[in-house]
Each structure stands twice: as C-alpha cells, then as structure tokens.
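As structure tokens, the structure follows; a few thoughts come after it.
4 protein chains.
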Amino acid sequence: MIKAGIIGDGYTAAELLRILAGHDEVEVVSVLSTENVGRRIDSLFPHLTGFCSLECEESDVERLIGRCEVVFLALPHGLSVNIALRLLENDIKCVDLGADFRLKDPSLYREYYELEHGAPEMLNKAVYGLPELYRDQIKRSAIVANPGCFPTGAILPLVPLLAQGIIKTDGIVIDSKTGVSGAGRTVKPASHFCEVNEGIRAYGVGTHRHGPEIRQELSLAAGIKVDMIFTPHLVPMNRGILSTCYAQLADGINAGSVRKVLEDSYRDECFVRVLPDGTMPHTKWVYGSNFLDIGIYTDTGSSRVILVSALDNLTKGASGQAVQNMNLMLGLNERKALMYAGVHP
Amino acid sequence: MIKAGIIGDGYTAAELLRILAGHDEVEVVSVLSTENVGRRIDSLFPHLTGFCSLECEESDVERLIGRCEVVFLALPHGLSVNIALRLLENDIKCVDLGADFRLKDPSLYREYYELEHGAPEMLNKAVYGLPELYRDQIKRSAIVANPGCFPTGAILPLVPLLAQGIIKTDGIVIDSKTGVSGAGRTVKPASHFCEVNEGIRAYGVGTHRHGPEIRQELSLAAGIKVDMIFTPHLVPMNRGILSTCYAQLADGINAGSVRKVLEDSYRDECFVRVLPDGTMPHTKWVYGSNFLDIGIYTDTGSSRVILVSALDNLTKGASGQAVQNMNLMLGLNERKALMYAGVHP
Amino acid sequence: MIKAGIIGDGYTAAELLRILAGHDEVEVVSVLSTENVGRRIDSLFPHLTGFCSLECEESDVERLIGRCEVVFLALPHGLSVNIALRLLENDIKCVDLGADFRLKDPSLYREYYELEHGAPEMLNKAVYGLPELYRDQIKRSAIVANPGCFPTGAILPLVPLLAQGIIKTDGIVIDSKTGVSGAGRTVKPASHFCEVNEGIRAYGVGTHRHGPEIRQELSLAAGIKVDMIFTPHLVPMNRGILSTCYAQLADGINAGSVRKVLEDSYRDECFVRVLPDGTMPHTKWVYGSNFLDIGIYTDTGSSRVILVSALDNLTKGASGQAVQNMNLMLGLNERKALMYAGVHP
Amino acid sequence: MIKAGIIGDGYTAAELLRILAGHDEVEVVSVLSTENVGRRIDSLFPHLTGFCSLECEESDVERLIGRCEVVFLALPHGLSVNIALRLLENDIKCVDLGADFRLKDPSLYREYYELEHGAPEMLNKAVYGLPELYRDQIKRSAIVANPGCFPTGAILPLVPLLAQGIIKTDGIVIDSKTGVSGAGRTVKPASHFCEVNEGIRAYGVGTHRHGPEIRQELSLAAGIKVDMIFTPHLVPMNRGILSTCYAQLADGINAGSVRKVLEDSYRDECFVRVLPDGTMPHTKWVYGSNFLDIGIYTDTGSSRVILVSALDNLTKGASGQAVQNMNLMLGLNERKALMYAGVHP
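In order, the protein sequence lines correspond to chains U, H, E and X.
Under this note's numbering, think of the first position of the first sequence as 88, with each following residue one higher.
Under this note's numbering, think of the first position of the second sequence as 88, with each following residue one higher.
Under this note's numbering, think of the first position of the third sequence as 88, with each following residue one higher.
Under this note's numbering, think of the first position of the fourth sequence as 88, with each following residue one higher.
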C-alpha cells in the first residue's frame, strides 16, 4: 500500500478519508491537525467509525517525511506554501486542496487573498488539477493545485466552447448556487443553521476569490482575456453546486455546435456526463459522487447559450478530484476509489 | 365590513385567508372549491383554526353574486376569464391571482399558455397589479391582474433603471431561485420532498411562462423591446424568491446613478426596501411578509450592474400583493393588514 | 404608549421586537446588548427594517430606570437575578425569559445550572408564567419567570390530567423534538448547518435542564412527586417543538375522560387548541404564532395515553408567551399583538 | 457473475441498483416495472447514469425465470405472495422487501394489512431477515422477509436485553423519527415538500403496521408477549431513522449490564456499532451506509434505560439489509458491496 498523509481536519479532510477508505492501493497513515491533536478521527467524524482509527497528530510537516509518498494539504490559504516546498524537497508528492497554487499571477493572489505569495516561482510548477484539461501534466507533476469548487463547475462546461470559438468571450455570466459545506466546518454566523435554512442569498457579489480563478482558465482556453462575472449564492443544503452559465454564440456559429463540441470533448471522460437534450442537471444526482453533469440549452431565436453544471462540492469540487489527481500522479487507474453513484434521494 | 369571496383553495387562497384575518374592514364570507366542497377551511388548513370556520362551497360564481363586493380568483390559468366577466357584470371587483389577464398580447398568451384567450378585449381593461408602477390605474380599475411571483421580483428592480435609461436594454440576465410553494399545493413528482430536499436544479429553462410577462413590463418601461433571458431554479425551501439580475450600464452613465434612481423611485414606497450599500437581501428577511428588498452591486471597472431582489412568493409575490391591490381598489389604506415584519429565523 | 425595554439581542429579543411592533399600547424604547452596542437593530435583524430603528445600548440596567415600565430579560442563566432586583426596586415590572426564576427549589437550580442562586428569597415571589395555569398570580405579580420552551409544551397537556387524577403519576415519558432556534443565535458546532441538516439526534439525554422544570410543575399539579423522563431531540428546522407524552390511565378511569378533561380545561383559552379526534398536531400549523395545539390518542385495549403537543419555541415557547404575560401584568387585553395565524406552508 | 432481478422501480429498487453496482459477484439483469415499462433506469434515476442502462420490463414474473438466481421483491404489500411462490418453484431465491412474509400470525396480517394472506403456510418458511438474529436460518433459506425500517431500528437494541432478562417486558415505549423516503416515491399530499419541510408531526399513532412486527420479535426474544407502544414521526429529511427506546431495568439488574450485554452481542457484528458511553447516535453518521448505531443511557437513580438507535431507512432499513441477506443466501461474504462509510456532512 502506498502511504498518504493529510494535513487538516475539516470537511475536505474527512471526505478524503471517506473516499480513501475504499482505495485498495493507498492508505492514509497520518492526519495532522491544529485543534484536535490526540483526538481520534472517528470521534471527530463518527461516520468513519470502523474505517479510520488514527489519532490526529500535531501539525508539523516533519512528521510526514519518511512516512508518506503523497500528502494532501487541506488548509486555509497562505499556509500551504512552505509545507509544500518542504514536502517536494523530500520527493513527496503533494495535492494542495487550498488556494495557494491556483492563480498563476502572484499579483492576483495578492489582490484577492491579501497576502504576498511566499514562493511565486512555484506557481508555474504546480499544475492546475483539472484532469479533463491537464491530465498529462498532472501525471508528470509533483505538485497539483486542486481547483476550487466553483471553478470546477464553471470551467468544465465553458472551456471547450471558448477553446473552439463557439461562444463569445465577453458578456459571460456565471450564477452559482452552493451548499453550505463549501464554507467549511469552522463555526461562524453565516453557517448557523437558522441563518441558512429556509432562505437563499447571494454573497461575495463581484468580489469572490473564485472569480479570478475561473477567469484565468477561461482566458487561457480562449487565448484572450475573457469578460465574465461570477456570483455565488448560498442554498440550504449540505452539498452540491449548481452553476448556470450564460453566454452568446459566436458569430456564424450554429446552435447545434454547442452540444457537439461538449459531447466530443467529454465522450471519453469518466466523470463528466453531458446530459441528453431537454434534461437539466440536479445536484442530487451527483450527491456524494465524483461526477459533474452538464445540461445544455440553446435558444434558436436569440443566440443565447445556457449551460448548467452540477457537482458535489466536497467530491468533484474538492476531495474526489484530489484523489483523481493523486491516482494520476501515482500512475494508478484514475478511477480508483471513485466509481460509485450519487446517493439519491 | 366589506364582504370578500375567494375562488380556489390552494396555497394562495390559504394565504389570502391568513392575511385577511387581520383586516379590520374586509371579511371573507365565502370560499369556493372544486375538490373540497363541504370541508371546513380549518380542517384543510389547520393553521387557520380559530380564524376561519367557513365551509368550502361549490365552485359556482353565482354563489358570490349579491354576497361579495370583491372576489379573489386563485385558479389555474384558463379558468378565470368567464368568471371575471360574470363578476364585473355584477359590479363585483375582481383580483385575479392567475395568469389570464397579465399578458396584453393575446398571441403571446396563446403561445405560452397554449390556449386561445376567451376575452381578448378585456386584456387592456385589466390593470397589471403592481401598485408601485400602476397605483392610480389600480385605484380606478374593476379588475386587476395580480403579477406573477417571479415577475414581481424581476420588474421592480429593473423598471426604474430602464425607464430612465440607466441600463442597456439588451443582454439582461435574470436568474431566479424560488421556494417550492410557488408550484402550488397539487401533488406532483417535482414537489415530492425527496426530489427537492438537499438539491437545486434549473427548470423551464428558456421556456417559463413568466418570461414573456417580465419582458412585457420591462419593454413598456424601456419604450423598446428588451432583450432578456430568464431562468428559474427550485430551491429546497417553502417560501421565497431571490432574483439575481445582471445588466450593463448604459453608455455615459455613472455607476452611482443606479442607487440614486432606485432610492428615489422607492423612497415613498412602503413595501419596497432598497438596502444600504454592501448589503444583499436574504429571502429570510421577508419571510411571510409583503416586503420586497433590493440590493445593488455596481462594478466600477466593467460596467456591470447586479441587482438582487428578495420577496416571499406567497405574499408580495401573490396574496399579499393581491390584498394591497384590493385595498387600493376599495379606497382603503393600501397597507391595511400588511404591516408586519417577516418571520426570522 | 407604555414604554418597554429589552435586555439581550438574540433570537428571543428579535422575536419580542417583531411581536411588539404590532402592539398598539406598548412601545420598545431601548434594547441593551453586550456585543452589539451602537449597532442598529435593523442591521442586526434586517427583517425588522421599517419596524425598529433603535441602536443597541450598553448593557447597564441603570439605562432603563426612569425610561421603562416593563423590561424583558432575554439573557443566559445566572445574569438575571441582580438586574431583576434592581428593576423591582424601581417599580419596573419584569418578565424574565431566562431560567433564573423558574425552579422554586434553589438546590435544584444549583444542581442543574451549577450556580448558587443569587436571591433564593425571590424564587417564590416570581410567578411561573404559564397564563393558562397561573393567570391571576401573573396579573398581580411584578416579576414573572417565563417558562422554558420544552416545559410549555409538556406541562400544558399533562397538568390537567394529573391534577384531576386521570393519569398515573409514574412511568411518564416525554419525548420532545425541537427546531434549532431554541439553541439561540450564538455560533457553536452543534448549530452549524451541516451538522444539523439532513439528520436527527437526541441530546442532553437524562440531563437536560428543562427536566426538573417540567417535573416541578407536574408534581405541583399531581400533589406528589411525579416519575417522569424527558428527552429532547434536535430536528432540522428553524422553529417548532413537538412533544410526544406517554402516560397510563389511572386505575378505574375511562379513556374518554382524557379528552373531556382537556377540552374542559382549555375551552376558554385562546391560545391552546385541543384538536379533534383523529387529528395530531403539526408544528407547521403554529409556525410564528402563539398557539399550542394538543392531539390526543388513547388506546382502548391497554391503558396507554399519548398526548402530542406542538408550539413555536420562539413565540408560545418564549417571546409570545412573554408578551402574553406582559399584557396580563399591565392589565391589558391578554391577546394584544398575539392574534395572528401561523405561517403555512 | 450471479444474475439478479428486481421487481419494482421505487426508491428501494433504486437503492438496490446503487448498492449492487459495486458488487463484484452479482449483477442485476432485469428490473420489472408497472408504470415505467420501456424507460431506461438511468432516465428514471439519473444518479445511476453510467451504472445501469437497463430498460424497465413488464411486470411479469415469468420474465425472470431462467434468467435470475435471486430476485428482490420491492412491491407494495399483498403483491409478493404469488410471485414468491412462482420464483421458489423455479429454485430462484427470493428477498421480499415488502411486508407479506414478516408477520408469522396470519390474523395479525389480516388485522393490520386488511387482507387475507394468500399463502399462510409460507409464513414459517420465510425467515425474518435480520442477519444479526437469524444468520444461520437466512443462509439456509430460499426466501427471506426483509424487515421493516422501523423494526430494524427498534429490534436490534432491545432484543438482546429482553432475551437476557435485563429489562422489563412491560412499559416499553419506542418513539421513532423517520425521513421522508420511507414513505416511498409515490406522490401524495403527505410527501409534498411544503407539507413536510420546516415541521415535524406524529403519524399512525397507535396503529402503524410496524407495531405488530416489532412486538412479534421482541416477544419472541422475551419468551412472553411484550407490552410496547410505538409512535413514528415524520422529520424533514430524506433519509434516516432515529428510534428512542424507553424501558425499565428488570428487578435486581445492575445498570451496567445494559452496555455489557449489548457490547457482547454485537462485538463481532460488522454493521452494528455500539457507541461509547456518553455518545448518542446521529442519523447523519450512517447516511447512505448499512450501519446501525446504538447509544445507551441508564439512569442510576431510577431504573430507566434509554436506547437510541440510528440507521438509514433505505440501506440497513431496506436495500442494504436485503443485499446483506442475499450475500448470506448465496454463500457470499456478507459484507460484499456494503463496506463504505456514511456520507457526512
């Protein structure tokens, strides 16, 4: 068994443990924590009773050196850089579920995360971990920046269309709706049950940190800077992100090209399902699974294109994708431990 | 006491009864039903125990003639036309909560409701019942077409900006999220708890019947046909609609004009609250109340404008607005029975 | 207008403000806070926009003296005693929504609240504020201990039966299920949306502080110490408590007596509704209202009696009952500001 | 691969397909349906896209003969008897997820299901499918009556205590709380989102069909007829049952015996987890999994015992347990396809 470590003890760490419990070639040997040192994982996360009896260890990266071949960083932004450097020095592969290696432009990192990046020279070494776009680089990389949950849902439907000139590069609107687990396990007023349940609201309007991440990847695909606006909303549910993406057909392009390009792009992808005509995705259909579903609407009259994607923010939007990346980095079957259906209803 | 009747026994009828129980000048004397004739209202809707002991009567409009001065029609589309004609002949004022008198163009009615309109000559007599836009006509009208729930939330933030040329008339995107009560009390798979709870999905993409209703009012305000797309989503909550409206500043217009125009337009309106800078609405803040809250975001860099509105689909989105219209039609204080805060948390 | 003050700024304070906004003889003139001094109530609780523009004042009881005739204490246990004494010295009536004056036995207070009571001599001066049981004393009292939310739901169905010897005084089981707002607005892991939503659990099994409070009132009614066990459960909803109470018919008592005694006891009570045979209460029917509904099941074979009660923990379970008590203490109509139906659906 | 068939297309059928998609020795080759003949499973249940592309076949048992070695019946009560007989004649093993073979006394079946049983002589041939109690008989049986969801949660905590005389056989109260999927996929007013969400209610008080099933198994364990009352409640969540079971220690028994007996009984059971002292189960911890968790409270003062159990009604409460039974009947590893953790949060 290949030995893996996890730094962090929030929801994405728990989800890594849940997924890796079903992996027959990788075993988690250590979980590092700041607040729960000495507590057993299955007392923190009783759903893992019978699957993980590790005790949380002190959050010191040195503890993992010599014990692990791969480490998942599930940390708040700003904390991963030095840890990742230390791991790489020791030839330990690294999947960072945080935001520290996603933006390739350190000035954007400074602007949105209000921090000077600690190792800007690393930004181009870390591969952006969307296997559907960067599979080959991921396989060869020692460090992968696992994408944000919203970006995964926004980038996968739009990139093939931008790359092939099917839609215009301006006027794109991405209206996303997320469950609450995306905000993490830390208590805060905005995650209080009574403040969320029986209501919906927009947040981070115009300023959310996933905006520049989405723009980066859309622009890379389009070859020019894309004009896009992104608005997240908080929905009273635990898991799931639905992104409704509005765009315009490029001049001279037939509406049918949208479906054709997306189906061609994802035909061989295991975890991306382009839904049939007339079917729009539901986050419930991917609940707890690593799939991303895409529904397509094109208006024959106007040239509007609406793409709706659904994913589970903790699996394809975080820990599932991280395991998919790990599988690729370790030369394993990409689907290992990830081939199960969503839990419905 | 002025006598009122209700035709229909679904959620909007129950909400009318709840609201009118607190009205000191109007009394509901009859509720007509198709499926529940002979059943007491408070056995159908036990939350009204102590407030309404009427028995449902057979759904024959003749029963109301001579007994009522005003009648609310809370019926599926297509059923209101003949009933309304008969009421008007007898000088009974009529608030139609259904869709039969909202669209002024009978060909649009035919296209979206797949029915020939039974009295197209009535369409221009029925006033579109948004008091904030049409108060004077409503006061003088014998029949009011109570707006749809989505249109109320989309029209009120956008109309003042279109009317004053603050935003462009093309490229408008309205992304709405609704609670489940908007789909009514009738059982259907899409309202099954397990099919809704813990998930979100888009529906009626590009085809929802509230699209042409919104477009009609936006175009009337703008003076030209507006290019707009509307997408509703179903959220796991009982009540509430949040509409996120994306537009572009018109050329040469300063971003600050958006707030100024909206605040000026609604300063004297009791039920429309323009929220302060930096505050975005939450449907929970209007839960069970007749308020509509508007939040404003303008991007100084690009010329994007995002308006977010929140309302309760059963009150300001249906029965509350219907009572507001009734108050105006009867020459009563517009706020009667409607001045209470939302139920939070 | 009679002037009222509120000490506290949590959910029960907000609910007092919501209810009193509709009171035409009482006006809230001051809200004292610890953490939000200087913030406007309607920025803390935007659902009150248009209804309360007060700024939170520093939490010093002296600020209320001379300004208020009645004060609501909405504070964590242990903090009310000295404040109440100071208010009473100044002839200000006092409704304590906390737990400091509910238990008449200071040793029980010590055991369950782990505090020495600061003024045990006050315990018998403070009336237990269940108007249906203690209306006359409440009218004459300067200080009322507003009951706990669970006790209100457990005591009202059981007391008449115990008082009249209809059920046995041993083997009583009270299994209660509450919404999350009962735990207050303070953030804590147990109120995190994702830890509550899509699940149910028991808590405080055998040790919850409302146990001795229920036992006290049941025993007073029975005239001997009652053997009772109480278990609360946390349900994924904002508001509402359902209590399922299991008891045995006393020897020689006919099952029909249960309904007769309860109907006789509550026939003239405005806020207690004994539901008809075959109908069991639903917390949704009392959502946001001051009603308590009781459903009755008696098993003709065995001598089992099951009573199910439903209330809204923030209204009849806290702030609504507090206003009911205030109305009585001030000699006003007991129903003032409380006569509205629940919000359903 | 062993070939399996499913008769029925509701939630338990979908859950069988989800679970069996991960089974490496059994393959579903046919699903029979009444209402969806010709529709693909993955259009009915899009979460199974990529896992099941079968088309529903007409509901005629003859279609399965010669094609299957084992068949799951997921049918309303009354429909399984003749089908099971026909399958058994053809040496096809049969797991009935319905109620037709659970009650061993045909007069109870008549009383509670209002039907004459079609093959009472079969009742004692069908083994009650709780592997923890009847593993050896299940291994040897051709037909297994899969237990009801509530009975599974009530029987497993109580049976060892009754069998060993630890608790009294009278005065047992079982107060259960279930998610909505237990009521099935058929639309009905009681499953309408708005009638369930934000509320809790009791139903079937004193009359629910799972009452006699629980009583049968408790009485078998105790050796005498047990006096027990069972009350189910509907909770706004998709999945999960929490059962709070109240009992009295038998005379002369030490409170510590409760934990000892339960731990001894289930130490070697994979799917029953007795939680440590002070920990009470949460349905979220078993969400989507086949585990049943048990928490124990004993009151040292009185002789009260409270046992709280949690399970997922669609897995351990239905389809997971059915697969567990199938594994035993086919001589496979009992845990096959069932060893994954719950989905939390």
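A virtual CB, placed ideally from N, CA and C, is assigned to each residue, including glycine.
Start and end of the beta strand (DSSP E) containing Glu356 of chain U?
First-last for Glu356 of chain U: undefined, no H or E at that position.
Would you kindly work out how many angstroms separate the C-alpha atoms of Val214 of chain X and Asp183 of chain X, rounded to a whole number?
Their backbone Cα atoms lie some 10 angstroms apart in a straight line.
Please name the residue in U:Glu112, U:Leu401, U:Gly153 whose C-alpha comes closest to that of Asp178 of chain U.
The shortest C-alpha separation from Asp178 of chain U is found at U:Gly153.
Can you confirm whether Glu282 of chain U, when its beta carbon is compared against all beta carbons of chain H, has any partner nearer than 9 angstroms?
Judged by the 9 angstroms Cβ criterion, Glu282 of chain U is in contact with chain H.
Less than 9 angstroms separating the beta-carbons of Ser268 of chain E and Asn123 of chain E?
No, Cβ-Cβ distance for Ser268 of chain E and Asn123 of chain E is not below 9 angstroms.
Quick one: does Ala108 of chain U have its CB under 9 angstroms from some CB of chain X?
Ala108 of chain U counts as touching chain X.
If you pair each beta-carbon of the segment 274-285 of chain X with each one of the segment 279-289 of chain E, do three or more pairs fall below 8 angstroms?
No: fewer than three Cβ pairs fall under 8 angstroms.
Using 9 angstroms as the limit for Cβ to Cβ distance, is Ser390 of chain E near chain H?
No, no contact with chain H.
Pull up the distance between the alpha-carbon of Arg288 of chain U and that of Gly327 of chain H, whole angstroms please.
So the alpha carbons of these two residues sit roughly 10 angstroms apart.
Counting Cβ pairs, one atom from each stretch, are 3 or more of them under 8 angstroms apart for the segment 396-410 of chain H and the segment 124-140 of chain E?
No, the segment 396-410 of chain H is not in contact with the segment 124-140 of chain E.
Run through chain U and tell me which residues come within less than 8 angstroms of Ser268 of chain X, C-beta to C-beta.
Simply Pro432.
To which residues does DSSP link Asp147 of chain H through a beta bridge?
In the DSSP output, where bridge partners are listed per residue, Asp147 of chain H has none listed.
By alpha-carbon positions, which one of X:Thr366, X:Ala409, X:Lys423, X:Glu304 ends up nearest to Pro133 of chain U?
For Pro133 of chain U, the nearest C-alpha among the options comes from X:Thr366.
Note down, in chain order, every chain H residue with its Cβ under 7 angstroms from the Cβ of Pro276 of chain X.
Simply Val274.
What would DSSP say about Pro163 of chain U, mapped onto helix, strand or coil?
Note: Pro163 of chain U maps to coil in three-state DSSP.
What residues in the segment 336-363 of chain E bring their beta carbon closer than 9 angstroms to a beta carbon of chain X?
The segment 336-363 of chain E vs chain X, Cβ under 9 angstroms: nothing.
On the premise that Pro244 of chain X lies in contact with Ser396 of chain X, defined as a C-beta separation below 8 angstroms, what is that separation, rounded to the nearest angstrom?
Yes, they are in contact, since the Cβ atoms of Ser396 of chain X and Pro244 of chain X sit about 5 angstroms apart, within 8 angstroms.
Using a C-beta cutoff of 9 angstroms, does Glu285 of chain H count as contacting chain X?
It does: the Cβ of Glu285 of chain H has a partner Cβ on chain X nearer than 9 angstroms.
By how many angstroms is the C-alpha of Glu208 of chain U removed from the C-alpha of Val231 of chain U?
Going from the Cα of Val231 of chain U to the Cα of Glu208 of chain U covers about 14 angstroms.
Who are the neighbours of His164 of chain H on chain U, taking C-beta pairs under 7 angstroms?
Within chain U, no residue comes near His164 of chain H; the closest Cβ sits about 23 angstroms away, beyond 7 angstroms.
Name, in chain order, the residues that DSSP records as bridge partners for Gln335 of chain X.
Answer is X:Arg391, bridged to Gln335 of chain X.
My output table needs one value for Pro247 of chain E: the three-state DSSP class, helix, strand or coil.
If DSSP states are grouped into helix, strand and coil, Pro247 of chain E belongs with the helices.
If we count Cβ pairs, one from each stretch, closer than 8 angstroms, do we get three or more for the segment 193-201 of chain X versus the segment 106-119 of chain X?
Taking 8 angstroms as the limit for Cβ pairs, the verdict is that the segment 106-119 of chain X does not touch the segment 193-201 of chain X.
Applying the 10 Å Cβ sphere with the 16-neighbour rule, what's the burial state of Thr273 of chain H?
Classification for Thr273 of chain H: exposed.
By Cβ distance below 7 angstroms, which residues in the same chain neighbour Tyr199 of chain X in space, the five residues on each side in sequence not counted?
The residues are Arg296, Pro299.
When you compare the segment 377-388 of chain E with the segment 346-362 of chain E, are there three or more beta-carbon pairs, one atom per stretch, that lie closer than 8 angstroms?
They touch, by the three-pair rule.
Using a Cβ-Cβ distance under 9 angstroms, would Leu379 of chain X count as near chain C?
Considering every chain present, this structure includes no chain C. Its protein chains are U, H, E and X.
How about Asp386 of chain U and Ser330 of chain U: do their beta carbons lie closer than 9 angstroms?
Not a contact, by the Cβ cut-off of 9 angstroms.
Flag this pair as touching only if the segment 215-234 of chain X and the segment 409-428 of chain X have three or more C-beta atom pairs under 8 angstroms; answer yes or no.
Yes: the two stretches touch, three or more of their Cβ pairs being nearer than 8 angstroms.
Can you check whether the C-beta of Tyr333 of chain H is within less than 9 angstroms of a C-beta belonging to chain U?
Tyr333 of chain H counts as touching chain U.
From the DSSP output, which residues share a beta bridge with His369 of chain U?
Bridge partners of His369 of chain U: H:Arg288.
What are the residues of the segment 312-333 of chain H that lie near chain U, defined by any Cβ-Cβ distance shorter than 8 angstroms?
Of all residues in the segment 312-333 of chain H, Asp314, Ile316, Thr318, His320, Val322, Pro323, Met324, Asn325, Arg326, Gly327, Leu329, Thr331, Tyr333 have a Cβ within less than 8 angstroms of some Cβ in chain U.
List the DSSP bridge partners of Ala186 of chain X.
Its beta-bridge partners do not exist; DSSP assigns none.
How far does the alpha helix (DSSP H) with Gly205 of chain U in it extend, from its first residue to its last?
It is not in any alpha helix (DSSP H) - Gly205 of chain U carries neither H nor E in the DSSP assignment.
So, at 6 angstroms on beta carbons, what are the nonlocal neighbours of Val246 of chain H in its own chain, with the 5 sequence-adjacent residues on each side left out?
Counting only Cβ-Cβ distances below 6 angstroms, and skipping sequence neighbours, we find Ala308.
Verify the CB distance criterion: does Gly258 of chain X have a CB-CB separation below 9 angstroms to chain E?
Chain E contact via Cβ: present.
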